[in-house]
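Residues 271 to 858 (the numbering used here) make up the sequence shown, in order. Every residue gets a Cβ at the ideal spot worked out from N, C-alpha and C, and that includes glycine. Presented below is the structure to which this report refers.
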Amino acid sequence: MLLGTLLVLFLLGGTGPASAHAALRATDPEDGSVLKSAPRDITLTFTESVGLLEDSFRVLDPDGRRLRTGEPEHARGGGAETATVTLPAKLAEGTYTVAWRVVSADSHPVSGAFTFSVGKPSLTTATLDTGPTEDPATKSLYNIARYLAYLAVALLIGTATFMAVCRPPDAPVLHRLLKAGWWTLLGATLALLVLRAPYESGEGPLGALSADSVTRTLTGRPGEVLLARLALLLVAALYLLRLARLRKPFGWAGAALAAGLAVTWAAGEHASAGIQVPVAMTSSALHLLATAVWLGGLTALLVTLYRARLTPAAVTRFSRVAFVSVTVLVVTGVYQSWRGLGSWDALTGTTYGRLLTLKLAAVVLLLAAAALSRRWTARLATVDAETAETVVEAEAAVREKVPEPVGGPSLPAGPEAAPEPSAPVEAGSGQRSALRRSVLAEVAVGAAVLAVTTLLTSTLPGRAEAEAAAGTPAVVGASVTNVPFDVGTPGGHGKVQVTIDPGRVGDNSIEALVYGPDGGVSVVPELRISFTLPAKDIGPVDAELTDKGGYWGNSFLNLPIAGKWEMKVTVRTTEVDQVSETRTVVIR
């Protein structure tokens, strides 16, 4: 468990804001639009259903003052994929900034911001803010608890399955593993329940102490899922105590409890939103069960190999169970990859796809270690069979040399006693050591797989990212270019959307929006864009962008000659971190 905690701290501790799972598909009013009259309300449409918070909308006027709005709610006729809020009756002329924050259906918070103008744009003094930022302490603690929950459920279910299928002769050490898995899962679930409210609102860990936080957690769907997991854990505790007292193997009741625990994960993550939800939740639960049986069973096998006696027959039985688990993992993994990605391009073009590739590479290493373990298992079984045959032959030879005396069998005594049959004290000791090492390698790689899985559950799926991009309205007659960037620091990546209108020779207006890793509009201290026409040796022409309070722009960018211009975009995310990217734009 300590190794797993250190691993998740290394992988997750320094990351930026958590990626959201519900992507913003459209806004009404549209981002950057100029309206003749003030709208009565603001409506957001997402790629999946979302939950609303008390502070889901914050609307700032051109002077940076917050407006009094109505209660956030789902739009009538729009379903749970929408969020709307009523605006005051009269809005002054100028640019308004809207910051929003909701909770996606798979329990992860998502936030962003955009602007619109009434009458004409103004140099607003409002600071673009997506709402409360994620508190680093809350985020780290929450992610650690999620990872420990994965490890614990794998240990609990895998050990129970190992005991039921392999029936090891010495089980006390495995009962201690069961207790460790149960207590760790209980503690992790309680931690997730306590941290749920501040995780959603972006507050520090102490935010969990308020009465409003407790009420919000217990009445929301993520909180209800965690409560259901706690109830199943209490039933599982009674079941484990009864089995330990009666010394019975795990049966159908244990399998039902394991399936119930797996469903609580499926109901709170990617599978609970998007397309084909019933099939996805079934696949997700089976995937988790197969992972738990394999990796948790490997841990039980490793502990038994080091701490207790284990027959080759028991190892062989687990090998068969592991093969079935891997088959289930492959089938469900292929389906979940297709559902999460949506296209081959997303495999390399999205964070979700790259993480999935990393997980697949780790699984390949895991399968290689498993194949090595199966080979050593087969050799160990052969050696033990040969040893048993040798012992039988030696005993038969002893009986032939020592005739049975009249009156019944008796044992010879003294120095003339028949010699004991010789057999290796540690038959197959070399094979056992090799098996221990290969299983240890499997467990280590398995812990890494679970860490990457934890990252995947907090990353925007490629399909949702594509849907959000498809829903982004384009400016008719304008040149729109998306420029991805990554400064190489945690959270220092995203994209710049550059719009050149009308994209023709002469004066153009240029607007640039910076999107962060969560898909929402991001604030950066500096953004520079310049244009060069290599064919005519013109440039660089500085776009002279200024911060317009939500976007960067300039209404008078002169590009005098038609052709393929090289647009250099420089993004500075901190005082010292910046990166430049170049794209080609066509000016007609």
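Pairwise C-alpha distance: serine 303 and glycine 364: The residue you call residue 364 lines up with position 94 of the sequence shown. The residue you call residue 303 lines up with position 33 of the sequence shown. In a straight line, the C-alpha of glycine 364 is about 11 Å away from that of serine 303.
Between Pro830, Ser779, Val757 and Gly789, which has its C-alpha nearest glycine 823's C-alpha? To locate residue 823, count along the sequence shown from 1; it is residue 553. If we check each option's Cα against that of glycine 823, Ser779 comes out closest.
Would you verify that the beta carbon of threonine 843 is, or is not, closer than 8 Å to some beta carbon of chain C? Checking the listed chains, one finds no chain C in this structure; it contains a single protein chain.
Which of helix, strand or coil DSSP assigns to glutamine 848: Translated into the one-based positions of the sequence shown, residue 848 becomes position 578. Strand at glutamine 848.
Under 7 Å Cβ to Cβ from histidine 445, same chain only, skipping five residues before and after it: list those, please. For the purposes of this step, residue 445 is taken as residue 175 along the sequence shown, with counting starting at 1. Excluding sequence neighbours, histidine 445 sits near Ala514.
Among Gly477, Arg466, Tyr420 and Phe432, which has the Cα closest to the Cα of tyrosine 412? Locating residue 412 in the sequence shown gives position 142, counting from the first residue. It is Arg466 whose Cα lies nearest to the Cα of tyrosine 412.
Please state the DSSP three-state secondary structure of histidine 763. Here residue 763 refers to the residue found at position 493 when the sequence shown is read from its first residue. Histidine 763 falls in the strand class under three-state DSSP.
Distance CB(valine 495)-CB(alanine 537) smaller than 8 Å: Residue numbering aside, residue 495 sits at position 225 when the sequence shown is read from its first letter. Residue numbering aside, residue 537 sits at position 267 when the sequence shown is read from its first letter. Contact: yes.
Burial state of alanine 570 (16 or more Cβ within 10 Å): Along the sequence shown, read from residue 1 onward, the residue named residue 570 stands at position 300. Its Cβ being crowded by 16 or more others within 10 Å, alanine 570 is buried.
Three or more C-beta pairs under 8 Å: does that hold for the stretch 381 to 388 against the stretch 442 to 457? no
Indicate whether valine 373 and leucine 323 have their beta-carbon atoms separated by less than 8 Å. For the purposes of this step, residue 373 is identified with residue 103 of the sequence shown, where counting begins at 1. For the purposes of this step, residue 323 is identified with residue 53 of the sequence shown, where counting begins at 1. Result yes, Cβ atoms of valine 373 and leucine 323 sit closer than 8 Å.
Uninterrupted alpha helix (DSSP H) stretches inside the stretch 412 to 498 (no shorter than 4 residues): 442 to 471 and 481 to 489
Beta carbon of leucine 527 nearer than 8 Å to that of tyrosine 509: Stepping through the sequence shown from its first residue, residue 527 is reached at position 257. Stepping through the sequence shown from its first residue, residue 509 is reached at position 239. Yes, the pair counts as a contact, with Cβ atoms nearer than the cut-off.
Is phenylalanine 826 buried or exposed, if buried means 16 or more other CB atoms sit within 10 Å of its CB? The residue you call residue 826 lines up with position 556 of the sequence shown. Burial call: exposed.
Please work out which residues of its chain come closer than 6 Å, Cβ to Cβ, to arginine 858, disregarding the five sequence neighbours upstream and downstream, and give them in chain order. Residue numbering aside, residue 858 sits at position 588 when the sequence shown is read from its first letter. The answer, listed in chain order, is Arg774 and Ala832.
Grab me the residues of leucine 463's own chain with a C-beta within less than 7 Å of its C-beta, minus the 5 sequence neighbours each way, in chain order. Taking the sequence shown and counting its residues from 1, the one referred to as residue 463 is at position 193. Correct list, in chain order: Thr487, Gly493 and Leu496.
Just the Cα atoms here: how many angstroms apart are glycine 349 and alanine 296? As a working mapping, residue 349 is identified with position 79 in the sequence shown. As a working mapping, residue 296 is identified with position 26 in the sequence shown. When rounded, the distance between both Cα atoms is 14 Å.
With burial defined as no fewer than 16 other Cβ atoms inside 10 Å of the residue's Cβ, what is the status of phenylalanine 588: buried or exposed? Sequence index remark: in the sequence shown, residue 588 carries index 318 (1-based). Buried: at least 16 other Cβ atoms inside 10 Å.
Cβ-based neighbour list, tryptophan 835, same chain, cut-off 6 Å, excluding 5 preceding and 5 following: Taking the sequence shown and counting its residues from 1, one reaches residue 835 at position 565. Excluding sequence neighbours, tryptophan 835 sits near Phe801, Leu803, Val855 and Ile857.
Rounded straight-line distance, which links the Cα of glutamate 781 to that of valine 768: The residue you call residue 768 lines up with position 498 of the sequence shown. The residue you call residue 781 lines up with position 511 of the sequence shown. Cα to Cα, valine 768 sits roughly 6 Å from glutamate 781.
If you check the beta carbons only, do valine 766 and valine 750 fall under 8 Å apart? As a first step, residue 766 is located in the sequence shown; it is residue number 496 there, counting from the start. As a first step, residue 750 is located in the sequence shown; it is residue number 480 there, counting from the start. Not a contact, by the Cβ cut-off of 8 Å.
What are the partner residues of serine 387, as DSSP defines its beta bridges? Numbered from its first residue, the sequence shown carries residue 387 at position 117. Answer is Val304 and Thr365.
Over what stretch of residues does the alpha helix (DSSP H) that includes leucine 559 continue unbroken? Taking the first residue of the sequence shown as 1, we reach residue 559 at position 289. Note, leucine 559: alpha helix (DSSP H), 547 to 561.
Assuming tyrosine 417 and valine 388 form a contact by the criterion Cβ under 8 Å, report the distance between their Cβ atoms to the nearest whole angstrom. Along the sequence shown, one-based indexing puts residue 417 at 147. Along the sequence shown, one-based indexing puts residue 388 at 118. So it is not a contact: roughly 47 Å between Cβ atoms.
Spatially closest choice to alanine 523 from Leu502, Glu539, Thr534 and Trp535, by CA coordinates: Walking along the sequence shown from the start, residue 523 turns up at place 253. Of the candidates Leu502, Glu539, Thr534 and Trp535, the one whose C-alpha sits nearest the C-alpha of alanine 523 is Leu502.
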